[in-house]
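Just below is one structure, and these are the notes that go with it.
Chains as they are written, first to last, in this note's numbering: chain A, 1 to 353; chain B, 354 to 496.
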C-alpha cells in the first residue's frame, strides 16, 4: 500500500488550484506581518520568546528582507513562474520567522506554513499559470497525500486534546463562550433558544458533537464512501468557526487543503442544458465558468426535454432535483446544497443505485 | 518525509506538555480570562512595599538621582499582556498566558538597569478559567 502511495501517478490539474490558494493565503499573511513591522516595533527589539536560540533571531533589516523574499515567492507561485521553488522558499522563510517568536504562535499560521511547504513538493506547477498553458498528463501524487495527512494530523491532535480534557468534555469550555451569544440570541430568536444556550447539558452535547466532528474529519476524508459527507461537514464546520470566532485564515487554509481530496481525473461527468431555453443557455455558461475543478463536460442540447441532465461517473443520467444534486456535488460554489439535495432525493437515488 | 512528520508529531507531543501548547494544535482549548494588576516593589522606610502601576507608567530616579520615565509597554507589546487592570481573553489558555507573563516580568526587570528604586515587579492576576475564578501572584526580582 505504501509503495502504491509513493509511485501513484494521477492527473495534477487540481493541484495547480491548491498552489494558487496557498500562495494567496501566505501572501495575505506576509502582508499582515509586513504591515505590523512597519507600524510597530520589531518583535526582536522588544519582549519576545524565541523557539530557536536567541542568537538566531534576525535583525530588523534581515527580518524585513526575509518577509520581502517570502512575499516575492508567493507572487511568483501565484502567477506560476518557477512556482514550486518559489512556494518552497516562501514557506521556509515563513517557518524561520515563525520559530523566532513563540508569542506570535497561532495554530492557523503554523498549519498554513506546513501545508504550503507540502503543496510546493507536489506537481502543482502544471496548471493555473499566467504565462503558460496547462501541461496535461499524470505526475507523482505522494506529496498531495501528505497534504491530506497534514490536515488529518491537525483534526486528530485537536480532537484528542479536547477529548482528554475533562473541562472540554463536560462543556465547561463551551458554556462561557455560548454565554457571550445569549443576549443576541434572546433578541433575535427568543428566550427559548437563549435558555438552551445557557443549559449545561446543551454545552456538553455541543462539546461531544465538536470532538466527534473533528475525529470524523480526521478519518472520514480517507474513505471514498464517507469523503463527500466529510467534505460537506468540514465546510459547515469551518463556516461555523469563521462566523463565531476570529481565527485569521484558518478556515480558508483548511478548506483549501480539501482540494487534495478531489478525484484527480478531469471531466468524468457531464452536464447538458436545454439550448432552446434562455435559462439553459445562461445557466450552462455560468456552470461552465464556475467549474474550477474541471469536473464536467459541458453541453448545450437542442430539444432536450428537461432543463438539465447530469451524468455521473458511471454515465447514469439524472434529471430534476437529482441532476442538481449531481451538479452541486462537484461544483465548489454549489457544494453546500449537496447534502440537502441528497436528503430530498434520497428515495430516487436508492432506486437508481 | 518521515523526518518531517516525525518532527511535527514530536512538536505536537511536546506542545501538549508546554503551558502555551505551542506547536500542539490545541484549538479553542479554554474559555479563560485574566486581569493583570501590576506593581513595583520599592523600599519605603526600610520596608518593602508594593506600589501599583495602573497604566503601566512610572517615574524613578537613576544612579545620578535624575528622575526618568519608564513604561511596562516599552518592552511588552504583546497582547493581552500589555493590557493592565482590564479583563481580557487568555488565548491558548490561562496557563499559557501566565507562562508568558512570568517571562515578560523577567524580561522587563532585566531592562531596568537605570531604575534604582524598583526592586521587583509583581503581577497580581485575577483569573477566570472556564468560568472558575482564581488569583495568581507572579514576581520577578531585579538581578
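Built from N, CA and C at the ideal position, the CB exists for glycine as well. Nothing here was measured: the structure is a model prediction, and the numbers come from that model.
Given residue i as reference, the closest of the options once Cα atoms are compared
i             : options                    : result
residue 360/A : 378/B, 431/B, 495/B        : Any answer about residue 360/A is impossible in this case: the structure gives chain A only from 1 up to 353.
residue 175/A : 200/A, 157/A, 155/A, 158/A : 200/A
residue 27/A  : 286/A, 66/A, 42/A          : 66/A
residue 6/A   : 50/A, 143/A, 19/A          : 143/A
residue 258/A : 304/A, 18/A, 247/A         : 18/A
residue 449/B : 97/A, 184/A, 104/A, 89/A   : 104/A
residue 415/B : 467/B, 481/B, 368/B        : 467/B
residue 95/A  : 212/A, 223/A, 52/A         : 52/A
residue 271/A : 232/A, 253/A, 295/A        : 295/A
residue 341/A : 351/A, 322/A, 330/A, 136/A : 322/A
residue 140/A : 15/A, 40/A, 233/A          : 15/A
residue 77/A  : 116/A, 45/A, 159/A         : 116/A
residue 261/A : 293/A, 133/A, 273/A, 281/A : 293/A
residue 473/B : 367/B, 447/B, 496/B, 451/B : 496/B
residue 244/A : 138/A, 89/A, 181/A         : 181/A
Integer Cβ distance of residue i from residue j, believed to fall under 8 Å
i             : j             : result
residue 443/B : residue 383/B : 7 Å
residue 70/A  : residue 93/A  : 4 Å
residue 47/A  : residue 460/B : 5 Å
residue 154/A : residue 111/A : 6 Å
residue 124/A : residue 177/A : Not quite, the Cβ-Cβ distance comes to about 37 Å (not below 8 Å), so this is no contact.
residue 157/A : residue 365/B : 5 Å
residue 114/A : residue 361/B : 7 Å
residue 101/A : residue 43/A  : 5 Å
residue 482/B : residue 447/B : 5 Å
Residues that residue i contacts on chain B, provided the C-beta gap is smaller than 7 Å
i             : result
residue 103/A : 431, 453
residue 185/A : Near residue 185/A there are no residues of chain B at all, since even the closest Cβ is about 17 Å away, more than 7 Å.
residue 333/A : Those do not exist, as residue 333/A stays about 27 Å from chain B at its closest Cβ, beyond 7 Å.
Contacts that residue i makes with chain B (C-beta to C-beta distance below 9 Å)
i             : result
residue 175/A : 384, 483, 484
residue 146/A : 354, 357, 358
Alpha-carbon to alpha-carbon, residue j and residue i
i             : j             : result
residue 74/A  : residue 21/A  : 10 Å
residue 316/A : residue 346/A : 16 Å
residue 87/A  : residue 297/A : 32 Å
residue 291/A : residue 327/A : 10 Å
residue 168/A : residue 35/A  : 36 Å
residue 10/A  : residue 225/A : 20 Å
residue 484/B : residue 173/A : 8 Å
residue 218/A : residue 389/B : 38 Å
residue 131/A : residue 63/A  : 31 Å
residue 402/B : residue 431/B : 28 Å
residue 179/A : residue 255/A : 28 Å
residue 129/A : residue 23/A  : 12 Å
residue 405/B : residue 363/B : 43 Å
residue 386/B : residue 436/B : 12 Å
residue 454/B : residue 265/A : 53 Å
residue 40/A  : residue 267/A : 50 Å
residue 488/B : residue 371/B : 21 Å
residue 376/B : residue 289/A : 40 Å
residue 333/A : residue 439/B : 43 Å
Counted within 10 angstroms of its Cβ, other Cβ atoms place residue i as buried (16 or more) or exposed
i             : result
residue 354/A : This structure cannot speak to residue 354/A, because chain A is shown only from 1 to 353.
residue 188/A : exposed
residue 164/A : exposed
residue 151/A : buried
residue 464/B : exposed
residue 373/B : buried
residue 38/A  : exposed
Proximal residues of chain A, C-beta to C-beta of residue i below 7 Å
i             : result
residue 424/B : Chain A residues near residue 424/B: none, gap ~12 Å exceeds 7 Å.
residue 365/B : 157
Residue i: contacting residues in chain A (beta-carbon distance under 8 Å)
i             : result
residue 369/B : 161
residue 457/B : 47
residue 375/B : 51, 102, 105
Neighbouring residues, chain B, relative to residue i (Cβ below 8 Å)
i            : result
residue 41/A : 430
Proximity test, Cβ basis, 8 Å: residue i and chain C
i             : result
residue 291/A : In summary, chain C is missing from the structure at hand, where the protein chains are A and B.
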